[in-house]
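Novice:
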Amino acid sequence: MMAETALSHWAITPTKMTLAAERENKVYHVTTATGDYALRQHRQGYRSDAQLASELNWMAALDDAGLDVPKPIPTQAGAYLVTLNSVQFDMLSWLPGKQLGAHGTPFDLDDPTSTFFALGQSMARLHLASDNWIPPTDFTRPVWDAKGLLGDTPLWGRFWENPTLAHGQQELLERFRDQARTALTERDHDFGLIHADLLRENVLIDGEILRLIDFDDGGHGFRLFELATTLFRLKGEPLESELTTALIEGYQSVRPINITHLPLFIALRACTYVGWIVTRMEIPNAENR
125 MMAETALSHW AITPTKMTLA AERENKVYHV TTATGDYALR QHRQGYRSDA
175 QLASELNWMA ALDDAGLDVP KPIPTQAGAY LVTLNSVQFD MLSWLPGKQL
225 GAHGTPFDLD DPTSTFFALG QSMARLHLAS DNWIPPTDFT RPVWDAKGLL
275 GDTPLWGRFW ENPTLAHGQQ ELLERFRDQA RTALTERDHD FGLIHADLLR
325 ENVLIDGEIL RLIDFDDGGH GFRLFELATT LFRLKGEPLE SELTTALIEG
375 YQSVRPINIT HLPLFIALRA CTYVGWIVTR MEIPNAENR
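Residue numbers for the sequence shown follow the working numbering, so the first one is 125 and each next one is one higher.
1. Can you check DSSP and say which residues form a bridge with residue 142?
2. Closest to residue 363 by CA distance: which of 239, 346, 282 is it?
3. Given a cut-off of 8 angstroms, decide if residue 184 and residue 195 are closer than it, judged by their beta-carbon atoms.
4. Determine the DSSP secondary structure at residue 413, reduced to helix, strand or coil.
5. So is residue 291 buried or exposed if we call it buried at 16+ other beta carbons inside 10 Å?
6. With C-beta atoms as the reference, is residue 215 less than 8 angstroms away from residue 350?
7. From residue 285 to residue 329, what distance separates their C-alpha atoms?
8. Taking buried to mean at least 16 other C-beta atoms within 10 Å of its own C-beta, is residue 413 buried or exposed?
9. Whose CA, out of 243, 145, 337, 168, lies closest to the CA of residue 180?
10. Expressed to the nearest angstrom, what Euclidean distance is found between the alpha-carbon atoms of residue 199 and residue 134?
11. Considering only residues of the same chain and omitting the five flanking positions on each side of residue 207, which have a CB-CB separation below 8 angstroms?
12. Confirm, please, whether the CB-CB distance from residue 320 to residue 345 is below 8 angstroms.
13. By the 10 Å Cβ neighbour count, where 16 or more other Cβ atoms means buried, how is residue 170 classified, buried or exposed?
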């Protein structure tokens, strides 16, 4: 197995390796006598070596700043990235905890409101630490700006051309796209490095500690887009209002943010999923998603 060959580049002796997740990447849980690790096998052609190196350098900086994020583990040669037959691998520390939840599944939390307050704080600390870090000159990651969200070739696809849209829906999204373009160019929005995918599946809870994982989509973007990504998935939840307030208040307890245009960014986040699914129509229930 290619993953086992890649593993030999790190100075560890595994006692067990199991496939833990398979989404955009394959993630293997590697167990050793001295600790656990996550070996990531990246989807071929999805990210360049430079983009992955930038992600890993950023995560290392966040770990150095004391954030609860995976720590990149260098190979025996001191590199973060290994490429075998054009397939990229890297290794991270394995973080303990259970997922905060899953979309469409009721929360299994003693106090969801307090948890979302803490999640807002974690987001704000991520943004503060990122602002205090000076990236290397060759740093390159996706840019979730007006062009990346609404340009001719958005990062997650031309959502207004999703083939499952009815004619009226297509026209509606085209009008929204044009109005949103104007809104994003006319306003001065908080902008910087963001995780860009803080769904509850990418947040681990371990007692009172929250840990943020899966920085695969991270890059420069609007800070309100960060909040919107989490809040959009609360739509229709019984505690939507309470958890929305808790997340915002938690964030603002650490770092100021103007939420006036938050509804715009929640709509933008919804549109990204309409574009994202176009190249993944094989996923069950894709048309409804």
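We put the CB at the ideal spot given by N, CA and C, even for glycine.
Note that the structure is a prediction, hence the values are computed from the model and not measured.
Specialist: With the structure as the only source:
1. By one-based count along the sequence shown, residue 142 stands at place 18. DSSP, once it has assigned bridges, lists 153 as partnering residue 142.
2. The residue given as residue 363 occupies position 239 in the sequence shown. Relative to residue 363, the option among 239, 346, 282 whose CA is nearest is 239.
3. Here residue 195 corresponds to residue number 71 of the sequence shown, with the count starting at 1. Here residue 184 corresponds to residue number 60 of the sequence shown, with the count starting at 1. At a Cβ-Cβ threshold of 8 angstroms, residue 195 and residue 184 count as neighbours.
4. Position 289 of the sequence shown, counted from the start, is the residue given in the question as residue 413. Caution is warranted here: a pLDDT of 49 is assigned to residue 413, below 50, making its placement in the model unreliable, and no coordinate value can be reported.
5. On the sequence shown, residue 291 is found 167 positions in, with the first residue counted as 1. The residue in question, residue 291, is exposed, as its Cβ has fewer than 16 Cβ neighbours within 10 Å.
6. Taking the sequence shown and counting its residues from 1, the one referred to as residue 215 is at position 91. Taking the sequence shown and counting its residues from 1, the one referred to as residue 350 is at position 226. No, the Cβ-Cβ distance between residue 215 and residue 350 is not below 8 angstroms.
7. By 1-based counting over the sequence shown, the position of residue 285 is 161. By 1-based counting over the sequence shown, the position of residue 329 is 205. Across the structure, residue 285 and residue 329 are spaced so that their CA atoms are roughly 38 angstroms apart.
8. Mapped onto the sequence shown, residue 413 falls at position 289. Here residue 413 scores only 49 on pLDDT, less than 50, and its place in the model should not be relied on; the value that follows carries that caveat. Its Cβ having fewer than 16 others within 10 Å, residue 413 is exposed.
9. Position 56 of the sequence shown, counted from the first residue, corresponds to residue 180. Closest in C-alpha terms to residue 180, from the list 243, 145, 337, 168, comes 337.
10. The residue you call residue 199 lines up with position 75 of the sequence shown. The residue you call residue 134 lines up with position 10 of the sequence shown. Distance between the alpha carbons of residue 199 and residue 134: 5 angstroms.
11. For the purposes of this step, residue 207 is taken as the residue at position 83 of the sequence shown. A distance below 8 angstroms between beta-carbons, with the five flanking residues on each side excluded, links residue 207 to the following residues of its chain, in chain order: 173, 213.
12. As a first step, residue 345 must be located in the sequence shown, where it is residue number 221. As a first step, residue 320 must be located in the sequence shown, where it is residue number 196. Using a Cβ distance threshold of 8 angstroms, residue 345 and residue 320 count as a contacting pair.
13. Taking the sequence shown and counting its residues from 1, one reaches residue 170 at position 46. Residue environment: residue 170 is assigned as exposed (fewer than 16 neighbouring CB atoms within 10 Å of its CB, all protein chains considered).
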